[in-house]
Amino acid sequence: RLQVSETERLCYVGRNFGSEDVKCNSLCRYFVGVLDKNSGQMEVYNAEIFNMQPLLSGGRGAVLLVLGWSSCQCPSQSSACRFSHLRSLELQRAWLWSGECVLCSPGCTGCLKGCFCLVQMDMCIEAFGTSKQKRALSSRRMNAVGSDIVSTAVTKAAADVIDAKGVTALMQDMAQDGVQNISAFLPPCHEDADRPEHVYRFEDILSPAEYEALRGPAAGLASVTAEEVAKRAEDRSHCCFVLEQLKFMPTDERSRDHKARCLWFLDTLIKFSHLKVIKKKNPMGPECPHIISRKLMKNFTSLTYNNGSIQNLVSASMKAKITAYVIALALHINNFQTDLTVLQNDMKLQESRVLDIAKALRLRVSKAKGVPGLENDQNHKLGTLSLPLPTQKAPEGQRKRKKIA
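If you count by full-length UniProt numbering, then the sequence shown holds residues 1 to 405, one letter each, in order.
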């Protein structure tokens with residue numbers, strides 16, 4: 001039996017058969033008593049228990065809800081098995097389909113019986129959703145704007161801008177915006193410099209106070225011997241770029257001290273880039289000067305909110321900024337030519353990423369074939385800073401994939 005009950009807001013449909021039937025004791029009988037308050041007498045009626053399901057109006061954004069069915073028991077599985085009739089009831093603008101099959105062949109005990117209804121999800125959330133779902137529904141409805149209105153407004157605004165400025169001017173503005181976005185993560189560039197060392201000034205990478213604070217930590221590198229370099233290479237206590245440069249330390253004491261300070265700070269930058277979330281006050285250890293720790297936290301991390309607290313995060317953009325400063329410092333260390341492949345391996349980045357940053361720094365990139373002191377030098381890339389600087393271009397976006405022949 002199929003039972004339909006209507007209320008002011010919803011319509012309910014229930015049945016006393018099938019898999020969704022309420023599992024009741026078949027040996028019991030159920031009654032409903034109706035009490036007359038005036039006479040004080042109760043009338044008792046036979047009752048059946050139905051599992052009532054809400055039936056909501058169908059329409060746009062509706063989903064199909066299967067209330068239940070009993071499968072065909074026809075042993076012949078004949079294609080002649082079909083619905084003998086199909087009747088529909090319109091309940092609050094929603095269609096409920098129910099059907100019964102005839103006996104299609106000897107031995108058939110009854111074919112598909114089913115009932116389906118279209119349920120609109122928004123109305124279901126209004127009636128039975130949680131508080132969070134109802135708030136989300138209310139917020140979505142308040143912020144809903146017709147897509148055709150938005151499309152028309154955007155098209156009109158774009159046409160007005162194109163008419164006012166022209167396509168050429170817009171393309172130039174886009175290129176300039178791309179250059180400015182890149183420059184936010186690069187050291188200050190002095191394009192009017194007359195010498196390579198003035199393009200990225202050393203004072204913009206390390207201030208005089210920071211440079212002076214490196215005297216103590218860098219003393220160990222300044223006095224390192226060839227045997228100690230070999231031992232540190234086995235222990236991997238420094239990055240490859242630093243270990244390679246320690247083999248060619250100047251004999252002059254002042255130049256040796258200067259190079260040692262630069263190498264110590266470059267090694268610290270690379271190690272700092274490998275961190276994810278900064279949880280300690282001094283992430284680089286107690287031997288790192290306070291002014292250097294503060295510089296790292298202030299200039300090379302971004303703030304994020306997690307688990308009720310603010311944390312310092314070395315994000316992808318901050319790692320790109322660290323890479324730019326590492327390349328600029330390596331140029332000062334190595335006479336304004338540096339092996340980008342070694343720095344790429346130390347930074348644990350893809351080659352394309354490092355080359356993009358090098359080109360943004362206005363370096364000329366070439367193959368390192370024939371350069372002494374490099375392993376597998378034909379696969380290395382060299383970055384050279386020379387005047388005049390090449391024209392800066394905005395990134396072209398995603399590269400086209402090479403077709404495999």
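Note that the Cβ used here is the ideal one computed from N, Cα and C, for glycine as well.
With a threshold of 16 other CB atoms inside 10 Å of the CB of residue i, please say whether the residue is buried or exposed.
i: V32; result: exposed
i: T268; result: buried
i: T338; result: buried
i: D252; result: exposed
i: H258; result: buried
i: L303; result: exposed
i: S293; result: buried
i: V119; result: Caution is warranted here: a pLDDT of 41 is assigned to V119, below 50, making its placement in the model unreliable, and no coordinate value can be reported.
i: H238; result: buried
i: V342; result: buried
i: V154; result: exposed
i: G40; result: exposed
i: V277; result: exposed
i: A158; result: exposed
i: A320; result: buried
Whose C-beta lies closer than 6 Å to the C-beta of residue i among residues of the same chain, with five residues either side of it excluded?
i: F336; result: P196 and L385
i: L2; result: R15
i: R215; result: none
i: V44; result: F31 and G33
i: V4; result: V13
Compare the beta carbon distance of residue i and residue j with 8 Å and say whether it is the shorter of the two.
i: L221; j: L266; result: no
i: P289; j: A193; result: no
i: F300; j: M318; result: yes
i: F241; j: D346; result: yes
i: L389; j: Y200; result: no
i: L363; j: V314; result: no
Residue i and residue j look like a contact to me (Cβ under 8 Å); what is the Cβ gap, rounded to whole Å?
i: M297; j: N307; result: 19 Å between Cβ atoms; not a contact.
i: G14; j: N38; result: Incorrect: roughly 32 Å between the Cβ atoms, too far for contact.
i: V340; j: A316; result: At residue 340 the sequence reads Leu, which differs from the Val that was named. Not a contact, Cβ separation roughly 19 Å.
i: D211; j: R254; result: Before going further, note that residue 211 is Tyr rather than Asp in the sequence given. With a Cβ gap of about 13 Å, Y211 and R254 do not count as contacting.
i: L263; j: I333; result: 7 Å
i: K348; j: V365; result: With 8 Å as the limit, K348 and V365 do not qualify as a contact, their Cβ atoms being about 20 Å apart.
i: R232; j: L243; result: 7 Å
Apart from the five residues on each side of it in sequence, which residues of its chain come closer than 7 Å, Cβ to Cβ, to residue i?
i: K247; result: V229
i: L186; result: A324, A360 and L361
i: I205; result: P187, Y325, A328 and L329
i: Q344; result: E351 and V354
i: L35; result: M42
i: E287; result: P217
i: H190; result: H198, V199 and R201
i: I291; result: A209, E210 and A213
i: N282; result: C288 and S293
i: L387; result: P196
i: K295; result: E210
If we cut at 8 Å on Cβ distances, does residue i have a partner in chain C?
i: D160; result: As a matter of chain content, chain C is missing from the structure shown, which is built from one protein chain.
Leaving aside the five residues before and after residue i along the sequence, list all residues of the same chain whose C-beta is less than 8 Å from its C-beta, in chain order.
i: A47; result: Y30, F31 and V32
i: A127; result: R9, L10, P54 and L56
i: I125; result: Q133, K134 and L137
i: G142; result: Sequence inspection shows Met at residue 142; the Gly mentioned does not correspond to that position. So the list is empty, once near-sequence residues are dropped.
i: D160; result: none
i: I310; result: L303 and T304
i: P250; result: R256 and K259
i: K367; result: Q378, H380, K381 and L382
**Study point:** Whole runs of the beta strand (DSSP E) within the segment 282 to 354, excluding any shorter than 3 residues
**Key:** 302 to 306, 309 to 313 and 337 to 339
Review point. Considering only residues of the segment 192 to 264, which uninterrupted alpha helix (DSSP H) runs meet the minimum length of 4 residues and lie entirely inside it, listed in chain order?
Key: 202 to 205, 208 to 213, 219 to 222, 226 to 235 and 240 to 246
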